[in-house]
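Take any residue in the sequence shown, count from 1 to its spot, add 75: that is its number in this note's numbering.
Cβ coordinates follow ideal geometry from the N, Cα and C atoms, glycine included.
Report on the structure given below.
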Amino acid sequence: MIDMPKLKPTLRQLRVFESVADELSFTRASEKLHLSQPAVSIQVKHLEEGVGLPLFEHTGKRISLTEAGRILYRCSQNIRSVLQDAGEQIDELMGFQRGKLKVTVATTASYFASRILAGFASRFPQIAISLDVTNREGLLEQLESNRCDLVIMGEPPKGKRLKSMPIMENPLVIIASPEHPLAARRNIPVKTLAAQAFVVREPGSGTRAAILRFFEGKNVSIQITMEMTSNEAIKQTVQAGLGLGIVSRHTVELELETGSLVELDVRHFPLLRKWYLVRREDKQMSPVAQHFASYVLDVENH
Ligand code: PGA
76 MIDMPKLKPT LRQLRVFESV ADELSFTRAS EKLHLSQPAV SIQVKHLEEG VGLPLFEHTG
136 KRISLTEAGR ILYRCSQNIR SVLQDAGEQI DELMGFQRGK LKVTVATTAS YFASRILAGF
196 ASRFPQIAIS LDVTNREGLL EQLESNRCDL VIMGEPPKGK RLKSMPIMEN PLVIIASPEH
256 PLAARRNIPV KTLAAQAFVV REPGSGTRAA ILRFFEGKNV SIQITMEMTS NEAIKQTVQA
316 GLGLGIVSRH TVELELETGS LVELDVRHFP LLRKWYLVRR EDKQMSPVAQ HFASYVLDVE
376 NH
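Here you go:
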């Protein structure tokens, strides 16, 4: 019987041995492994010392496996397949290949978030991505109930146990139809806006909260004639001449370019806000979420 304590093959020795057994030639195995022939012979010799029996027999110039060699060859293949299996399971556990990513973004952030997610998905096609879009209040609820990996939102509230990183600017602008009487005016004082009808987002929206805070700070009360949960609906209502709108510039890039909407030149505008990538402080980030966070910082900072 083989003296087991002496049989302590290294994975490298087994790899070399398997290669010689596959090729039935020390020369061809050494070429395949990019090693010198003496290096291959030494590895096999060490294995044979551990086993206590020859692994190959030589008949003239040809070699073949001995009975001990055949046993070791089978074991070696089993070890390799077990290790490969373990590697695959660990990969899966780490979630690189088949991981899931749950991102929730503010309604307004969806204008650029889908572009970021599309870039990430094409780099890591096996990751299943789910994107949820809701307003600021909805985002905070999702963070509270730990329902997503990461969120993209406006400034996160103080006092909550959140970790946040600024990722890009979010300028809020006042939009009007090109026929609006204020469209051609320059340097419009904020007070002038008090007489105007406004179409704004619903309560719970971060954009709305920022606008109301701004006018309150300036002691100007604007007339809100319509509230809408969608930036698209606001744009269409403003285009139809039913009031002014205040939205993130991200949402109106195309319309400003084609001239179907104009950005009013009002003092203190654009209001400068930022977008943040946010997660719960106590949430253990999955490897996929960590990858996504560094991807976002990378694409937005270059
Ligand atoms: P929202 O945007 O208006 O779509 O909620 C979030 C924010 O600006 O904080």
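Assigned exposure category for residue i - 16 Cβ within 10 Å defines buried
{"i": "Asn306", "result": "buried"}
{"i": "Gln359", "result": "exposed"}
{"i": "Asp224", "result": "buried"}
{"i": "Arg211", "result": "buried"}
{"i": "Pro232", "result": "exposed"}
{"i": "Lys235", "result": "exposed"}
{"i": "Gly135", "result": "exposed"}
{"i": "Gly320", "result": "buried"}
{"i": "Lys310", "result": "buried"}
{"i": "Leu214", "result": "buried"}
{"i": "Thr333", "result": "exposed"}
{"i": "Pro84", "result": "buried"}
{"i": "Ile165", "result": "exposed"}
{"i": "Gly125", "result": "buried"}
{"i": "Ser197", "result": "exposed"}
{"i": "Gly144", "result": "buried"}
Helix, strand or coil at residue i [DSSP, three-state]
{"i": "Gly316", "result": "coil"}
{"i": "His133", "result": "strand"}
{"i": "Asp207", "result": "strand"}
{"i": "Gln298", "result": "strand"}
{"i": "Pro241", "result": "strand"}
{"i": "Pro246", "result": "strand"}
{"i": "Val178", "result": "strand"}
{"i": "Val327", "result": "coil"}
{"i": "Lys83", "result": "coil"}
{"i": "Phe273", "result": "strand"}
{"i": "Leu346", "result": "strand"}
{"i": "Ile321", "result": "strand"}
{"i": "Arg355", "result": "strand"}
Nonlocal neighbours in the same chain, by C-beta distance under 7 Å from residue i, ignoring five residues either side
{"i": "Ile191", "result": "Val371 and Val374"}
{"i": "Gly162", "result": "none"}
{"i": "Ile154", "result": "Leu89"}
{"i": "Val208", "result": "Val180, Thr182 and Ser185"}
{"i": "Leu122", "result": "Pro84, Gln88, Phe92 and Leu130"}
Whole-angstrom C-beta distance between residue j and residue i, which should lie under 8 Å
{"i": "Arg348", "j": "Glu230", "result": "7 Å"}
{"i": "Arg276", "j": "Thr282", "result": "5 Å"}
Sequence-distant residues of its chain with Cβ nearer than 8 Å to residue i (five each side left out)
{"i": "Arg87", "result": "Gln118"}
{"i": "Glu244", "result": "Leu347, Arg348, Lys349 and Trp350"}
{"i": "Lys238", "result": "Val353, Arg354, Arg355 and Glu356"}
{"i": "Ala203", "result": "Arg173, Gly174, Lys175 and Leu176"}
{"i": "Gly194", "result": "Tyr370 and Val374"}
Own chain residues within Cβ distance below 6 Å of residue i, not counting five before or after
{"i": "Pro241", "result": "Lys349 and Tyr351"}
{"i": "Ala104", "result": "Ser94, Val95, Glu98 and Val115"}
{"i": "Val363", "result": "Gly170, Gly174, Leu176 and Ile202"}
{"i": "Ile299", "result": "Phe273 and Val275"}
Straight-line gap, residue i to residue j (C-alpha atoms, nearest Å)
{"i": "Phe101", "j": "Ser361", "result": "46 Å"}
{"i": "Val226", "j": "Leu130", "result": "60 Å"}
{"i": "Ala184", "j": "Val295", "result": "28 Å"}
{"i": "Phe60", "j": "Val248", "result": "The structure shown does not extend to residue 60, since the chain is modelled only from 76 to 377, so the question has no answer here."}
{"i": "Val265", "j": "Lys293", "result": "8 Å"}
{"i": "Ala272", "j": "Gln217", "result": "33 Å"}
{"i": "Glu106", "j": "Ile146", "result": "25 Å"}
{"i": "Ala285", "j": "Glu254", "result": "27 Å"}
{"i": "Leu140", "j": "Glu132", "result": "6 Å"}
{"i": "Gly127", "j": "Asp160", "result": "30 Å"}
Distance cut-off 7 Å: residue i Cβ against heavy atoms of the ligand GDP
{"i": "Leu206", "result": "By its list of ligands, the structure shown excludes the ligand GDP, since it contains just the ligand PGA."}
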